[in-house]
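Residue numbers (the numbering used here), protein chains in the order written: chain A, 1126 to 1253; chain B, 117 to 614.
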């Protein structure tokens, strides 16, 4: 498992980068979701895959008797999932609103904040 | 003393909750915001005094001992950053009273601003890398919200780019963090410092260092990862621009300094060499972008980039003087940069535009404003005896000390180019006669600017002047911060106990 999962992470990341670079906001969202999952999988793998027992200490004991599964990576992933869920909700709304106002989801066409420089005038300044 | 570390984080969040739940009465919101900012300011300044008197302090949240629980640490660097955050927060909140429209107040401007401030302080004070990640996320959410408030066309366009690249940086940060945890089994920064020493495979660690460098590089806006910044910082309301410009990239720089002085210090020739090249290119591209600009806030945005180059330069050289110069630079820059953005807002009020070509004649019609602009603008350019001069002097001297003549030349040359674009603003906005029929432009478009706008600008300008005229105490603080950064044992002992 520990050799397969890194390759799987790599494949998902490659696919997500491809999607993100498409220049389409909708595809960016899909790429972002994929990449988020790949990173979570990576943390999970980096935290060692031990099929052993759940991280519970028997009653009365101070320390576990045998090796346990590492609970921390799962806590990290859970936090990351919650955060990315919130971010995703925001991103959906933002992109939808941008589509309504700007009328496009093509990032190449989004030049409202940085209009093409006006090449006619002296220092590229435009009278407005 | 534990509460001292928690206050700069707790106060803004309490204020956010209060302003969010109370009725959306404009006056009430503004006054509560200012009250919260004053309290926060006091707490932040007191923390700085306490740390400068007693040295580094730390506390374990929930009494879980390090490295298991979340640690809050304030060394000199953190305390300085938090103090400047308090200063900026107060200034911008006061300015907001005059600038932020009732519609934005109803949409939750103050809660979001307070959350941003709280999370920035959290990033500066935390001693745990996963906690740092969480603070980054909170900060991002708040800044996303502030950035697109009002939903103008330009704002949404700039906001989309800002959000997209920052989300990607976040994922990179998380990746690096996961890998680092996989190698060391710890998330506590002090413990990480101890654990990375014993690693068998330092090459792998360098790869992780590169991931962190990219993630924080995007947030800090270093070359070639800065393009989101000039695409978005000129779009939101001026008060928002000012707080974002003053704080956010500096959080990235802070994270770089922290990680590359505490954790990734085993292959300095490679990692810090890379940072040195990046810092030089950052300075040059930033200042050239600014020189080509013709819009007030876009010129200032490009200057943020070139200035970040200077801050990273200090880290890259990694000598006591260079790091002290870096810290001093951050201190000076945050105050100056936020102030310049605030002034651009007043110029817009009076002249009706951010375009340099459409502005003019402010020297004659608004003499006080001209003087208040002169101080931060030429401090940014590095004119003696203003604060920017001492910061640049320290960094250039530090580069000469280690015989990096090329980078010293770049730093000096970029300073000259900075003064070029500052004189361009000065000439166009203040000296040039107002365009169109002379005098018509002198009549303010959005009404005369209120004293609430002038108050924070004057405060910040006086502060810049004070740092310039009496640089010694500030430089002593920076030197102390640099000493702690170069001797991580101080940090480790404070967190882990001896």
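Idealized CB from N, CA, C, for every residue including glycine.
For residue 361 (chain B), the closest C-alpha among the options B:232, B:518, B:607 is that of B:232. With contact defined as three or more Cβ pairs closer than 8 Å, the region 574-585 of chain B and the region 518-531 of chain B are not in contact. Under the three-pair Cβ rule at 8 Å, the region 417-431 of chain B counts as touching the region 357-374 of chain B. For residue 1204 (chain A), the closest Cβ of chain B is nearer than 8 Å.
If you look at residue 239 (chain B), you'll find it isn't in any beta strand (DSSP E); it sits in the alpha helix (DSSP H) that goes 225-241. Taking each of B:167, B:148, B:138, B:207 in turn and checking the Cα distance to residue 355 (chain B), the smallest one comes out for B:207.
Within its own chain, the residues whose Cβ lies closer than 6 Å to the Cβ of residue 123 (chain B), once the five positions on either side in sequence are excluded, are 159, listed in chain order. Three or more beta-carbon pairs separated by less than 8 Å are not found between the region 205-222 of chain B and the region 327-346 of chain B, which leaves the two stretches without contact. Restricting attention to alpha helix (DSSP H) runs no shorter than 4 residues, the region 365-425 of chain B encloses them at 384-408, ordered along the chain. Across the set B:212, B:202, B:187, the C-alpha of B:212 shows the shortest separation from the C-alpha of residue 566 (chain B). In the three-state DSSP reduction, residue 253 (chain B) falls in the helix class (H, G or I). The three-state secondary structure of residue 594 (chain B), taken from DSSP, is helix. The beta carbons of residue 131 (chain B) and residue 167 (chain B) sit no closer together than 8 Å. Within the region 268-348 of chain B, no beta strand (DSSP E) run of at least 3 residues lies entirely inside it.
Residues 168, 192, 196 of the same chain have their beta carbon placed closer than 7 Å to that of residue 593 (chain B), with the five preceding and five following residues left out of the count. Restricting attention to B:415, B:164, B:316, the CA atom closest to the CA of residue 545 (chain B) is found in B:415.
The beta carbon of residue 536 (chain B) sits closer than 7 Å to the beta carbons of 407 from its chain, once the five residues preceding and following it are set aside; these are given in chain order. At a cut-off of 8 Å, the C-beta of residue 347 (chain B) has a neighbouring C-beta in chain A. Proximity of chain A to residue 246 (chain B) at the Cβ level (cut-off 7 Å) is accounted for by 1201, in chain order.
At a beta-carbon threshold of 7 Å, the residues of chain A lying near residue 270 (chain B) are 1237, 1238, ordered along the chain. Residue environment for residue 125 (chain B): buried (at least 16 other C-beta atoms within 10 angstroms of its C-beta).
At least 8 Å separates the beta-carbon of residue 353 (chain B) from that of residue 474 (chain B). Below the 9 Å Cβ cutoff, chain B contributes no neighbours of residue 1158 (chain A), its closest Cβ being approximately 11 Å away. When 9 Å is used as the limit between beta carbons, residue 297 (chain B) is near these residues of chain A: 1168, 1171, 1172, 1197, 1198, 1201, in chain order. Residue 502 (chain B) places its beta carbon 8 Å or farther from that of residue 602 (chain B). Counting the other Cβ atoms within 10 Å of the Cβ of residue 1203 (chain A) gives fewer than 16, which makes it exposed. Nearest to residue 377 (chain B) by C-alpha distance, out of B:525, B:495, B:442, is B:442.
With respect to chain A, the C-beta atom of residue 505 (chain B) has no partner C-beta closer than 8 Å. Restricting attention to B:525, B:492, B:515, the CA atom closest to the CA of residue 542 (chain B) is found in B:492.
At least one beta carbon of chain B lies nearer than 8 Å to the beta carbon of residue 1222 (chain A). Taking one beta carbon from each stretch, the region 378-389 of chain B and the region 303-316 of chain B have 3 or more pairs nearer than 8 Å; the two touch. Scanning B:302, B:134, B:128, B:277 for the CA closest to the CA of residue 1230 (chain A) turns up B:277. When the beta-carbon positions are compared, residue 1170 (chain A) and residue 1131 (chain A) come within less than 8 Å of each other.
Cβ neighbours of residue 224 (chain B) within its own chain (closer than 7 Å, five residues either side excluded): 136. Rounded to whole angstroms, the gap between the alpha carbons of residue 179 (chain B) and residue 612 (chain B) is 13 Å. Relative to residue 358 (chain B), the option among B:490, B:181, B:518, B:229 whose CA is nearest is B:229.
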